[in-house]
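> When the letters of the first sequence are read in order and numbered with the working numbering, they come out as residues 332 to 1024.
Heads up, the beta-carbon is just placed ideally off N, CA and C, and yes, glycines get one too.
This is the structure I want to talk about, given as structure tokens.
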Amino acid sequence: MARMSRTYRLGPAPTPRASLVDFERHLDAEQLAAARAPLGPVLVIAGAGSGKTRTLVFRLVHLLEQGIPPEGILLLTFTNRAAREMLDRAAELVGALPGIDPRRLQGGTFHRMGHRVLRRHAERLGFPPGFGILDTEDQRDLVAACIADLGLSVGRRRFPRADWVAALLSESVNTQRTLGELLAARYDRFADLEPELVRVAHRYRERKLAMGVMDFDDLLLHWQRLLAEHAEVRAELQARYEAILVDEYQDTNRIQADIVERLAGNRRNVTVVGDDAQSIYSFRGADLTNILEFPVRFSGCAIHRLTANHRSRPQILALANASIAHNTRQFPKDLRAMREDGPLPVLVPARDAVQQAAFVAQRILELRDEGFPLREIAVLYRAHHQSMELQIELARRGIPFHVRSGVRFFEQAHIKDVLCFLRLAHNPADELAFRRAVRLFSGIGAKTADRLWTAFSGAAGSAADRLGTLELPAIRSTAGYEAFRRLVAAVAELLAAPGTAIETVLSSMYEEHLRTSFLNADARVEDIRQLAAWAAQFPDANAFLAEVSLLSDLSAQDVVEAAEKDEFVTLSSIHRAKGLEWRAVFLIWLAEGHFPIPAATADPVEEEEERRCFYVAVTRARDELYLCHPILAAPRDGERILLRPSRFLQELDGERKGLWERWSLEEGSEEEAVAPPDREALRQAAGKLLEGD
DNA sequence: AGAGTGGGCCTTTTT
DNA sequence: GGCCCACTCT
């Protein structure tokens, strides 16, 4: 199996010959069969590390070889990055082909591709072509405003919080169920509020329409509506996309599956790839039924299984297989390890989170000495806050790291503050942007913002026009308002130069605002400068704002990508680690009460999803796996709670079954956790094997 | 009246 | 770190 690249990198593009691409050289028999399956519906069940991405790339190349033009292929992936990676690899493989311009291949997330379609057809649905996109925070704020509009938050009768209501509306869209159905099935205690919640939903829809904005769910919902209700759009899209490829199909929800079916039309030329064992997005409406019932929806589909794991050492895979076997609702799995033996996974009980962090940090340094580059090491956890002690420890020791979880770049308050001036200047109907922007000026709070918005929204024309002509209500801070007016006018002049527009906001008032409000103002100012520099490459504010909404993390693009090429340990939530792999992986906080999260333990279905999450985490590791769990937690000052190892560890009974070896950290000497010497020989042998690859 | 501030409380995962 | 609420300051 030496010919199989462990890293999935394709290396230099092979010289195209008559057969163009040498499939046999790069693929095993299962992968080859899937990649070369005849046109028509194809389901590929691809176990973790079985070369799913590679197979999909070659499937894409195969479709091109069948004469489908690049623009006729639609690749839907879970992240923009995954799409980019696959399209690039496919482009490399077919690069020298005459007549094929691989840059015309289209791919991205469902949301991005929906956005692309909607930009062209928004007016059919009553939205402006340059409609804005609400992120989760905007969505919650608008829902809160709708609840207030309807007078539901007043009175002592407890109405659910805006973020809960927003999540409910979102779930309703993504699962394609009515609020009534959803309440009856899952939120019985609020069932009596159905009429009020329906009114909120209506109001929310109206206000988005009035503001000319869509939320993330709308990008799917309205795409689906276009396909369902506008025959000419449906015909156009069906004609354009001769082949559809969907990655991570196990994480699609009902509306996404419906879009795929409608796009596919009678041609039914759909390839979906996924692994039911890795479905971990049910909170976003992901429905395992999609992949389990694909053969029903697309009768006569070809089914291919990729069962050879080329990623992990057999010892790691054995642990993963043993764990997932505890789940009941799944395709039976027989994932075979293809690599040579490696070290056993290591179980590391730590006294507490601090000792756990110390162990991880120290072990990372040892691994680096043994030849593991830092970029080949990751620490994964269930919830972002579980990374805190480790972040402190790594910083203390000067170990460079990069955190993938947590608040994303574009969601930070200071970034959103600056952006709302561009949003407002671009779209004067954007009430959320108006309120947020105007309240940054001293002396203007919620009430004054209300009055100003009433006056502003009653005026006509562009944002600058309105501010010039509106009848100013009686407000306290006319100086603040005047500064706001001037700044918006200036930004409106700079819509064709978003980078400069951002610089203008920063220098006119925002930098000063940051410096008087925050100790870390320098870092925030630096973020905004970086944003401005990045914005400068866009032709106008509209294109820039759309990209900001859909990108969701800068890491998908330039900044962190550059950083990752350097030497950084990765810290990541398990969810964001999906599809990635490292030579050494640490899992931390594998303790009852923390993993699985307590909210998921009551329901066996949710517990199975947590176990899949654990499975995903374990299967990220290629060579070494460390399972860490603290024994003491200190939730509050002085309070100490004994933690048992996670049920996912207990049920494995790993010591007796030889699934792992246990390391004991010596009390009081966490600075010097010991690695048993016999591991050295193993590791060196492993290192040699790897180098020869 | 309304803007601004400080303390208590909770915190899953993400396009 | 963010949200909500109560309190103080203008």
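DSSP on Val564, reduced to helix/strand/coil?
In this structure, Val564 counts as helix in the three-state DSSP scheme.
> Within the same chain, show all residues whose beta-carbon is closer than 6 Å to that of Ser839, passing over the 5 residues directly before and after it, in chain order.
Contacts found: Leu818.
> Evaluate Leu696 with the Cβ neighbour count: other Cβ atoms within 10 Å of its Cβ, from every protein chain shown; 16 or more gives buried, anything less gives exposed.
It is exposed - the Cβ of Leu696 has fewer than 16 other Cβ atoms within 10 Å.
> Looking at the strands, I want to know which residues DSSP matches up with Gly438.
Its beta-bridge partners are Leu406.
> Excluding the 5 residues flanking Leu1103 on each side, which residues of the same chain have their C-beta closer than 6 Å to its C-beta?
Not covered by the structure: residue 1103. The range shown for the chain is 332 to 1024.
> What residue range does the beta strand (DSSP E) around Tyr712 cover?
Taken as a continuous stretch (DSSP letters only), the beta strand (DSSP E) holding Tyr712 covers 708-712.
> Starting from Asn640, follow its DSSP beta bridges and name the residues at the other end.
Ala668.
> Distance, Cα to Cα, Glu939 vs Ser793?
Their backbone Cα atoms lie some 53 Å apart in a straight line.
> Beta strand (DSSP E) containing Ser904: first to last residue?
Element bounds for Ser904: 900-904.
> Express the C-alpha separation of Leu499 and Arg534 in angstroms, rounding to a whole number.
Roughly 15 Å between the two C-alpha positions.
> Within 10 angstroms of the Cβ of Ser773, are there 16 or more other Cβ atoms? Answer buried if so, exposed if not.
Exposed: under 16 other Cβ atoms inside 10 Å.
> Nearest-angstrom Cα distance between Ile399 and Phe869?
Going by the C-alpha atoms only, they are around 31 Å apart.
> For the segment 586-597 and the segment 558-578, state whether three or more C-beta atom pairs, one from each stretch, are separated by less than 8 Å.
Verdict: yes, contact present.
> Can you look up Tyr518 in the DSSP assignment and give me helix, strand or coil?
Here Tyr518 sits in coil by DSSP.
> Thinking C-beta only, is Leu418 closer than 9 Å to Leu374?
No; because the gap between Cβ atoms is not below 9 Å, this pair is not in contact.
> Evaluate contact between the segment 705-725 and the segment 870-883, counting only Cβ atoms and requiring at least three cross-stretch pairs below 8 Å.
The segment 705-725, when compared against the segment 870-883, does not touch it at the 8 Å Cβ threshold.
> List the endpoints of the continuous beta strand (DSSP E) containing Arg682.
Element bounds for Arg682: 677-683.
> Let me confirm a value: Leu988 is counted as buried when at least 16 other C-beta atoms fall within 10 Å, else exposed. Which label applies?
Per the sequence presented here, residue 988 reads as Lys, with Leu not at that position. Per the 10 Å Cβ criterion, exposed.
> As a quick exercise: from Leu837, Lys909, Leu510, Asn621, pick the residue whose alpha carbon is nearest that of Val529.
Nearest C-alpha to Val529: Leu510.
> With the cut-off set at 9 Å, would you say Ala413 and Gly910 are in Cβ contact?
Taking 9 Å as the Cβ cut-off, Ala413 and Gly910 qualify as a contacting pair.
> Identify which residue in Glu834, Gly776, Phe765 has its Cα closest to the Cα of Trp865.
The shortest Cα separation from Trp865 among Glu834, Gly776, Phe765 belongs to Glu834.
> Identify every run of the alpha helix (DSSP H) within the segment 802-885, keeping only runs that are complete inside it and at least 4 residues long; order them along the chain.
Runs found: 809-824, 829-836, 842-848, 852-866, 872-882.
> Which term fits Gln397, buried or exposed, when burial requires 16 or more other beta carbons within 10 angstroms of its beta carbon?
By the neighbour-count rule (16 or more Cβ atoms within 10 Å), Gln397 is not buried but exposed.
> Along the chain, where does the alpha helix (DSSP H) containing Ile962 start, and where does it finish?
Not the alpha helix (DSSP H): Ile962 falls in the beta strand (DSSP E), residues 952-964.
> Please report the Cβ distance between Asp494 and Leu763, rounded to the nearest whole angstrom; I am assuming they are in contact, meaning their Cβ atoms lie under 8 Å.
Contact flag wrong, Cβ pair sits at about 15 Å.
> For Leu973, is the classification buried or exposed, using 16 other Cβ atoms within 10 angstroms of its Cβ as the cut-off for buried?
When all chains shown are included, Leu973 counts as exposed.
> On the DSSP bridge assignment, give the partners of His657 in chain order.
His657 is not bridged to any residue.
> Assign Lys383 to one of two classes, buried (16 or more other C-beta atoms within 10 Å of its C-beta) or exposed (fewer than that).
Burial call: buried.
> Ignore the nearest five residues each way along the sequence and tell me which others in Ile806's own chain have a CB closer than 6 Å to its CB.
Closer than 6 Å at the Cβ level, and outside the excluded window around Ile806, lie Thr779.
> Exposed or buried, which one is Glu1003 when buried takes at least 16 other CB atoms within 10 Å?
Bear in mind that a pLDDT of 44 at Glu1003, under 50, signals an unreliable position, so the model cannot answer this.
> In terms of residues, what are the limits of the beta strand (DSSP E) holding Phe917?
Segment 913-918, the beta strand (DSSP E) holding Phe917.
> Does Pro976 come out as helix, strand or coil in the three-state DSSP assignment?
The answer is strand: DSSP assigns Pro976 an E or B state.
> Can Thr602 and Ala377 be called in contact, C-beta distance under 9 Å?
Not a contact, by the Cβ cut-off of 9 Å.
> So, under 8 Å CB-CB, Pro676 and Leu990 are touching, yes? Tell me the CB distance rounded to an integer number of Å.
That belief holds up - the Cβ atoms of Pro676 and Leu990 are roughly 7 Å apart, short of 8 Å.
> Mind checking which residues open and close the beta strand (DSSP E) that includes Leu483?
From DSSP, Leu483 is part of no beta strand (DSSP E); its letter is neither H nor E.
> Any idea which residues DSSP pairs Arg455 with across the strands?
None, per the DSSP bridge assignment.
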